[in-house]
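Below you'll find the structure, written out as structure tokens, and then a few comments.
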Amino acid sequence: MTDLPQLVRLDTAEDPRVDDYARLTDVRLRRRIEPERGMYIAESSKVLRRALAAGHRPRSFFMAEKWLTEMADVLAAHPDVPLYVGPDAVLEQITGFHLHRGALAAMQRPEPVDLDRLLAGARRVAILEDVVDHTNVGAVFRSAAALGVDAVLVTPRCADPLYRRAVRVSMGTVFQVPWARLEHWTADLQRVKDAGFTTAALALSEDSVPLDELAARRDERLALVLGTEGEGLSAAAVHHADLVVRIPMSHGVDSLNVAAASAVAFWETRPRP
3 MTDLPQLVRL
13 DTAEDPRVDD
23 YARLTDVRLR
33 RRIEPERGMY
43 IAESSKVLRR
53 ALAAGHRPRS
63 FFMAEKWLTE
73 MADVLAAHPD
83 VPLYVGPDAV
93 LEQITGFHLH
103 RGALAAMQRP
113 EPVDLDRLLA
123 GARRVAILED
133 VVDHTNVGAV
143 FRSAAALGVD
153 AVLVTPRCAD
163 PLYRRAVRVS
173 MGTVFQVPWA
183 RLEHWTADLQ
193 RVKDAGFTTA
203 ALALSEDSVP
213 LDELAARRDE
223 RLALVLGTEG
233 EGLSAAAVHH
243 ADLVVRIPMS
253 HGVDSLNVAA
263 ASAVAFWETR
273 PRP
């Protein structure tokens with residue numbers, strides 16, 4: 003399939019036109035430059051298609067020639083978007099890894115969502131405080147999409163939901179669940195309360211209530227606050243929440259991974275008729 007007007011063949015890893023894809027394995031670098039450029043990387047044909055279905059705009063496509071047939075409909079629908087194609091060795095030199103999941107695309111980041119507008123139509127919200135592992139962030143979004151959470155809020159130091167590993171682990175559900183980055187944590191927790199939400203912090207404390215007790219309340223609007231790996235929620239987040247909730251454990255286990263805990267909490271507190 004070579005009759006694509008936007009096709010550019012790469013024969014060197016030094017081509018400046020594909021700088022968006024350079025050093026994708028350098029997490030520290032990419033966490034800085036991707037937001038600065040107003041972009042993110044969609045990895046795999048499934049994720050790419052979900053991004054496009056959500057209305058996100060591609061800056062360019064990047065793939066080995068063997069993927070052109072599978073992506074023919076997408077490429078035909080975007081004839082003005084550059085398509086960079088090259089041999090596996092050149093592509094791997096550029097990105098830092100072997101492209102075994104198919105196509106990549108540099109996507110334009112959507113405009114940030116206004117917090118008040120996001121909360122206005124929501125009944126269940128998840129708040130991630132300083133969750134820095136992209137795998138956990140992606141897994142939380144996948145659970146949120148599957149289990150009826152209407153929106154996700156992330157604190158200033160939380161990992162980027164649009165970083166390619168978070169997007170991949172979420173299976174593209176980060177494009178389905180509306181989210182916003184809070185600017186003033188924990189002051190923004192009061193904005194959530196003012197919007198009519200009960201705020202429940204998942205933490206181990208003497209005054210915590212079991213999760214099923216929270217579920218039995220059937221709060222009309224509920225925001226679940228989940229903390230970072232290892233240390234959990236900050237003292238300030240726990241203090242400002244309306245109540246503290248724990249997931250009862252067995253066999254001497256004191257807590258779950260944040261992604262696993264989120265799935266349990268989302269299911270147990272889902273809205274019911």
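Numbers in this note's numbering are just positions in the sequence shown, counted from 1, shifted up by 2. Each residue gets a CB set at the ideal place from its N, CA and C atoms; glycine is no exception.
Expected contact under 8 Å - CB spacing of residue i and residue j to nearest Å
i           : j           : result
residue 168 : residue 139 : 5 Å
residue 6   : residue 77  : 6 Å
residue 46  : residue 104 : 6 Å
residue 42  : residue 164 : 4 Å
residue 85  : residue 9   : 5 Å
residue 175 : residue 147 : 4 Å
Proximity below 7 Å, CB of residue i to CB of residue j
i           : j           : result
residue 223 : residue 125 : yes
residue 131 : residue 254 : no
residue 1   : residue 243 : In the structure as shown, the chain begins at 3 and stops at 275. Residue 1 is therefore absent and cannot be evaluated.
residue 227 : residue 133 : no
residue 203 : residue 239 : yes
residue 122 : residue 62  : no
residue 184 : residue 155 : yes
residue 194 : residue 268 : no
residue 245 : residue 205 : no
residue 221 : residue 201 : no
residue 11  : residue 87  : yes
residue 171 : residue 264 : no
residue 231 : residue 162 : no
residue 218 : residue 271 : no
residue 44  : residue 53  : yes
Inter-residue Cα distance where the pair is residue i and residue j
i           : j           : result
residue 157 : residue 19  : 34 Å
residue 40  : residue 27  : 19 Å
residue 190 : residue 89  : 48 Å
residue 160 : residue 79  : 35 Å
residue 106 : residue 214 : 43 Å
residue 252 : residue 266 : 15 Å
residue 115 : residue 180 : 8 Å
residue 110 : residue 83  : 12 Å
residue 211 : residue 49  : 38 Å
residue 197 : residue 187 : 16 Å
residue 16  : residue 95  : 9 Å
residue 249 : residue 241 : 19 Å
residue 21  : residue 237 : 42 Å
residue 68  : residue 91  : 14 Å
residue 177 : residue 137 : 16 Å
residue 209 : residue 247 : 9 Å
residue 31  : residue 166 : 13 Å
residue 71  : residue 118 : 43 Å
residue 57  : residue 29  : 26 Å
residue 273 : residue 55  : 27 Å
residue 38  : residue 275 : 44 Å
residue 36  : residue 173 : 20 Å
residue 64  : residue 73  : 11 Å
residue 25  : residue 207 : 43 Å
residue 257 : residue 233 : 11 Å
Strand pairing of residue i, partner residues [DSSP]
i           : result
residue 217 : Residue 217 pairs with nothing; no bridge assigned.
residue 201 : 225
residue 42  : 109
residue 1   : This structure leaves residue 1 out entirely; the chain is present only between 3 and 275.
residue 79  : Answer is none; residue 79 lacks a bridge partner.
residue 234 : 230
residue 128 : 154, 226
residue 65  : 87
residue 212 : 248
residue 9   : 85
Minimum length 4: unbroken alpha helix (DSSP H) runs contained in the region 131-198:
Those alpha helix (DSSP H) runs which fall completely within the region 131-198 and span 4+ residues are 136-148, 166-171, 189-196.
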